[in-house]
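Working notes for the structure below.
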Amino acid sequence: MDLSQYLEMFIDETKEHLQNLNDQVLILEAEPDNIDTINEIFRAAHSLKGMAGTMGFKRMQRLTHDMENVFSKIREGKMGVTPDLVDVVFKCLDAIEEYLDCIINTSDEGENDNEDIIKMLNACLEGESLADVAASEASSDDESAPAAASEASVEDGGNQTADVSDDKRKYLHIDIADFEKNAITEARAKNLNVYGATVYIDENCILKAARAFLVFKGIEAIGEVIKSVPGVQDIEDEKFDFDFSMLIISEKSLDEVKKIISDVSEIKEVIIDNYDIPSDVEVVSSVQEAEQKEDKKDDKKKATAAAAAKANAKPVAGRSVRVDIEKLDVLMNLVSELIIAKNGLVSVSNNQTDGTESKAANQSFNEQIEYLERVTTNLHESVMKVRMVPIESVVSRFPRMIRDLSKKLGKEMELIMTGEETELDRTVIDEIGDPLMHMLRNSADHGLESTIDRLKLGKPQVGTIQLNAYQDGNNVTIEVIDDGAGIDVEKVKASAIKKGHITEEQAEQLSEKEAIDLLFRPAFSTAEKISDVSGRGVGLDVVKNKIEGLGGDVEVSTKLGEGTKFTVRLPLTLAIIQALMVEVRDEKYAIPLNSIVTIEDILVSDIKFVQQKEVINLRGTVIPIVRLDEVLDCPPREEEPENLVVVIVKKGDKQTGLVIDNLLGQQEIVIKPLGKYINIPKIISGATILGDGGVALIIDSNSLI
Amino acid sequence: MDENEILTEPKQYIVVKLDQEQYGIDISFIDNIVRMERITRVPKVQSFFPGVINLRGEIIPVMSLRNRFGLADKEYTNATRMIILKPENGAKIGILVDEVREVVTLEESSIEKATRDEQGVNLLGVGKYKDTLISLLNIQEIIQELDNA
Chain A
1459 MDLSQYLEMF IDETKEHLQN LNDQVLILEA EPDNIDTINE IFRAAHSLKG
1509 MAGTMGFKRM QRLTHDMENV FSKIREGKMG VTPDLVDVVF KCLDAIEEYL
1559 DCIINTSDEG ENDNEDIIKM LNACLEGESL ADVAASEASS DDESAPAAAS
1609 EASVEDGGNQ TADVSDDKRK YLHIDIADFE KNAITEARAK NLNVYGATVY
1659 IDENCILKAA RAFLVFKGIE AIGEVIKSVP GVQDIEDEKF DFDFSMLIIS
1709 EKSLDEVKKI ISDVSEIKEV IIDNYDIPSD VEVVSSVQEA EQKEDKKDDK
1759 KKATAAAAAK ANAKPVAGRS VRVDIEKLDV LMNLVSELII AKNGLVSVSN
1809 NQTDGTESKA ANQSFNEQIE YLERVTTNLH ESVMKVRMVP IESVVSRFPR
1859 MIRDLSKKLG KEMELIMTGE ETELDRTVID EIGDPLMHML RNSADHGLES
1909 TIDRLKLGKP QVGTIQLNAY QDGNNVTIEV IDDGAGIDVE KVKASAIKKG
1959 HITEEQAEQL SEKEAIDLLF RPAFSTAEKI SDVSGRGVGL DVVKNKIEGL
2009 GGDVEVSTKL GEGTKFTVRL PLTLAIIQAL MVEVRDEKYA IPLNSIVTIE
2059 DILVSDIKFV QQKEVINLRG TVIPIVRLDE VLDCPPREEE PENLVVVIVK
2109 KGDKQTGLVI DNLLGQQEIV IKPLGKYINI PKIISGATIL GDGGVALIID
2159 SNSLI
Chain B
12 MDENEILTEP KQYIVVKLDQ EQYGIDISFI DNIVRMERIT RVPKVQSFFP
62 GVINLRGEII PVMSLRNRFG LADKEYTNAT RMIILKPENG AKIGILVDEV
112 REVVTLEESS IEKATRDEQG VNLLGVGKYK DTLISLLNIQ EIIQELDNA
């Protein structure tokens, strides 16, 4: 059977369940008696098992099954939660994640049986009571069949022992209301047949609802369904086990109706007979009895289903739809096209103002353009919002990581996170996980001192790492703060000299900030020994590259003995920005507006030299200036004008002035990549299409500071 | 389809001119042929990239085939064309040629295998068509070289 169309859904849901499990087990570790948590874990494990079973991932199913067994025991109070158990469960979660990765990459769960973990899980079970182990083994025997199926058959089996024939005629227990009774009597009067039927669908069937729908469709062609249990809506929503019952009115014979139903594929059994309205007393009693039975039977399932629904619904507020990111990209591209088209209109209208057209016509044209501008801006914002994802989806795995690091490094530490709800564009979110993880590992390994050292220094025994995220204008700032030893600038310098990054003379002239920036050089690590966690020389430079690639920047501030703070600033969106359009010779360039401080008109005679570099004194601050024409290899000007237009840009608290020829004005621009093959210099971060169809390059002012 | 069949199937090539030399480009790589458009210069890139163009909302780098093959610059004329190539599993790239002449169909038998010409240009072979010789460019390799450069 082809399950590939469900694979994506399976992967998404498994990821959600895994994250949920990780969170819950962390809570459990802190509060071993929290019964809500235990229930939640049990439910999630159960859902995972069911899902893996349906998809035919037997190894994953087996592992989750054993995990479920353990929590089932804990839930019943037969077992306590021990730290060892938590470790095993975490290992188990990691193994499931491995399966999932394997499935994502190859659509297959791989060959790893994870016998050791299963053994450990079973050892946990055995540790408490031997009798139950046998039971759990027995139940794990019938694993070859998909979980959902095996469960259903076990439950059904229990019922069948009582009275097979009667119990299977579930239609006898249908509760009928007065108007339905009338319908039946009426039908009889018209000489139509009234049948009661119970349809059993094959337990391996994936699309139960579709099969049921076909049954209904078949009957509607020859008669009428006056009542079904569960209701039609529930059946469509797949809210039924593997059987449903109905009352049918039809002129066809019993056999004909039966044939129509059984002709639908994957129908296991159809029990159908003439139906008589039961006498009132009978109805009530049997109905109640049936309901009770049904209720009991369904309790467990309902609870799990409800829990699963709850777990799924938790992160989503209000109504939501899952949308493929590619579809959003298409939408985004269309919005981009619209903005380009609008810019085209704007440039046409600007040219026309020179002409002789009547003023009134021009004004209304401009009004329409302004209207269009408002609409496109709003549209852009809405689409951007759709693409925004809370940062939570990335950071939620960090508490678990810090816990593991804490054990591995033998340091006590805790992670405090704030602002998980801060939203970023999906494309940024996808990329930011690894750099953040690197920084956290860095803080845990290099930043925090060992527990013994902390005690000696009179610091709190448990080290703290903070991860704060917040929106700041058009940027999102993420801080990673530790209360560890801080960065020893002298040590950094010494290490840089040893590695040949700088000479001793250079080292002496470095400011503290410049020295710290050395950390971001490739192959730089001050960790004395290489550990599993960090110190392999890849790290901060990769972090920096990645973040700059996203259009953001990283900064470090540190105080020796008190801690270190990494500040990452990221743009809210990557695709469309506000920019200042400038001219250098006859070429047009765009400078992102969010990095611009002011625009100044300065006299050439005001330019001073500091260390052979041009600077200006702007209201008491000395700011270096960069001549864009030189950086961009433009032909030199024939004669230098007396006045220069300087755009002051900032990066963190550093400023630089960019000398340009002309200002063209502010514009909303769509950032486009420059294509492959061409080796783009660092100062160019992309390109945009102008209203007249030309291309303007976007200046990355950060690279010039 | 077995390998022999692929080899013997006649292929179509677009014949372009650089000075007096004729080059053939496998038609399956060609996305589009456009007239000269305004090229935006990009500073500090490889010397054989005059810049980028806007092709229906997509920004595409344009390479001068003359410069790439070590020929001197030549004024753009009315005959100058940009051929937009779309290699398999690759991004689009435009190449500038002096002139686009015609489309020819070459049988495998009329192609003599060769890997490079005197200038070191990456070739698939040299095709004989009527009385002329056409150097068939190995587009896949020529583009791959850019990635590695």
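Chains A and B are the protein sequences, given in the same order. Here the working numbering is used: the first residue of the first sequence is 1459, the next is one more, and so on. Here the working numbering is used: the first residue of the second sequence is 12, the next is one more, and so on. Here a beta-carbon is modelled for each residue, glycine too, at the ideal position from N, C-alpha and C. No experiment lies behind these values; they were computed from the predicted model shown.
{"Check": "Backbone secondary structure at Thr1656(A) - three-state DSSP", "Outcome": "strand"}
{"Check": "Contacts of Glu1784(A) in chain B (Cβ-Cβ under 7 Å)", "Outcome": "The contacting residues do not exist; Glu1784(A) stays about 17 Å from chain B at best."}
{"Check": "First through last residue of the alpha helix (DSSP H) which encompasses Pro72(B)", "Outcome": "No alpha helix (DSSP H) contains Pro72(B), which is instead part of the beta strand (DSSP E) from Glu69 to Ser75."}
{"Check": "CB-CB length for Thr1472(A) against Leu1558(A), believed under 8 Å", "Outcome": "5 Å"}
{"Check": "Rounded separation between Val1804(A) and Ala1818(A) - CA only", "Outcome": "17 Å"}
{"Check": "Delimiting residues of the alpha helix (DSSP H) encompassing Gln2113(A)", "Outcome": "Here Gln2113(A) belongs to no alpha helix (DSSP H); instead the beta strand (DSSP E) covers Lys2112 to Ile2118."}
{"Check": "Outcome for Tyr1629(A) when other beta-carbon atoms lying within 10 angstroms are tallied against a minimum of 16", "Outcome": "buried"}
{"Check": "Chain B contact residues for Lys2130(A), given Cβ-Cβ distances below 9 Å", "Outcome": "Asn65, Gly68, Glu69 and Ile70"}
{"Check": "Chain E within 7 Å of Tyr2135(A), Cβ atoms only", "Outcome": "Among the protein chains of the structure shown, namely A and B, there is no chain E."}
{"Check": "Touching by the beta-carbon criterion (3+ pairs, under 8 Å), the stretch 45-59 of chain B and the stretch 90-100 of chain B", "Outcome": "yes"}
{"Check": "Candidates Leu1915(A), Leu1873(A), Thr1880(A) and Ile1910(A): closest to Met1895(A) by CA position", "Outcome": "Leu1873(A)"}
{"Check": "Interface residues of chain B facing Ala2145(A) [CB-CB closer than 7 Å]", "Outcome": "Val63 and Ile70"}
{"Check": "Short-range partners of chain A found in the stretch 39-61 of chain B, where Cβ spacing is below 9 Å", "Outcome": "Glu48, Arg49, Ile50, Thr51, Arg52, Val53, Pro54, Lys55, Val56, Gln57 and Phe60"}
{"Check": "Runs of alpha helix (DSSP H) wholly within the stretch 1816-1863 of chain A (minimum 4 residues, chain order)", "Outcome": "1817-1845 and 1850-1853"}
{"Check": "Neighbour flag for Asp2091(A) against chain B, beta carbons, 7 Å", "Outcome": "yes"}
{"Check": "Spatial distance of Glu1498(A) from Gln1482(A) (CA atoms)", "Outcome": "7 Å"}
{"Check": "Limits of the alpha helix (DSSP H) - the one that Ala1668(A) falls within", "Outcome": "Lys1666 to Ile1680"}
{"Check": "Of the residues Glu20(B), Asn65(B) and Arg112(B), the one placed nearest Ile33(B), counting alpha carbons only", "Outcome": "Checking the displayed sequence, the identity of residue 33(B) turns out to be Gln instead of Ile. The residue with the shortest Cα to Cα distance from Gln33(B) is Arg112(B)."}
{"Check": "Residue range of the unbroken alpha helix (DSSP H) whose run includes Asn2075(A)", "Outcome": "Careful: Asn2075(A) lies outside any alpha helix (DSSP H), inside the beta strand (DSSP E) at Lys2071 to Leu2076."}
{"Check": "Rounded separation between Arg1832(A) and Thr1880(A) - CA only", "Outcome": "26 Å"}
{"Check": "Boundaries of the alpha helix (DSSP H) in which Pro2029(A) is found, first to last residue", "Outcome": "Here Pro2029(A) belongs to no alpha helix (DSSP H); instead the beta strand (DSSP E) covers Gly2021 to Pro2029."}
{"Check": "Distance CB(Leu1863(A))-CB(Ala1799(A)) smaller than 7 Å", "Outcome": "no"}
{"Check": "Val1687(A), DSSP secondary structure in three states", "Outcome": "strand"}
{"Check": "7 Å Cβ cutoff, Ile150(B) in contact with chain A", "Outcome": "no"}
{"Check": "Met74(B) beta carbon less than 7 Å from that of Ile106(B)", "Outcome": "yes"}
{"Check": "Cα-Cα separation, Thr143(B) to Gly35(B)", "Outcome": "12 Å"}
{"Check": "Endpoints, alpha helix (DSSP H) assigned at Asn1926(A)", "Outcome": "Where Asn1926(A) is concerned, there is no enclosing alpha helix (DSSP H), although the beta strand (DSSP E) it sits in stretches over Gly1921 to Asp1930."}
{"Check": "Exposure of Glu1740(A), with buried meaning 16 or more beta-carbon neighbours within 10 Å", "Outcome": "For Glu1740(A), the pLDDT reaches just 43, beneath the cut-off of 50, and the residue's location in the model is therefore unreliable, although a value from the coordinates is still provided. Glu1740(A) comes out exposed."}
{"Check": "Beta-bridge partners of Glu1727(A), as assigned by DSSP", "Outcome": "Tyr1658(A)"}
{"Check": "Chain B within 7 Å of Asp1802(A), Cβ atoms only", "Outcome": "The sequence given here places Gly at residue 1802(A); Asp does not occur at that position. Not one chain B Cβ lies under 7 Å of Gly1802(A)."}
{"Check": "For Pro1490(A) and Lys1717(A), the rounded distance between their alpha carbons", "Outcome": "57 Å"}
{"Check": "Selection of the stretch 129-159 of chain B by Cβ proximity to chain A, strictly under 9 Å", "Outcome": "Ile154, Leu157 and Asp158"}
{"Check": "Ile70(B) vs Lys2130(A) beta-carbon contact at 7 Å", "Outcome": "yes"}
{"Check": "Near-chain A residues of the stretch 85-116 of chain B (beta-carbon distance less than 8 Å), N- to C-terminal order", "Outcome": "Gly101, Ala102, Lys103 and Ile104"}
{"Check": "Touching by the beta-carbon criterion (3+ pairs, under 8 Å), the stretch 2056-2064 of chain A and the stretch 2134-2145 of chain A", "Outcome": "no"}
{"Check": "Expected contact under 8 Å - CB spacing of Asn65(B) and Gly2152(A) to nearest Å", "Outcome": "7 Å"}
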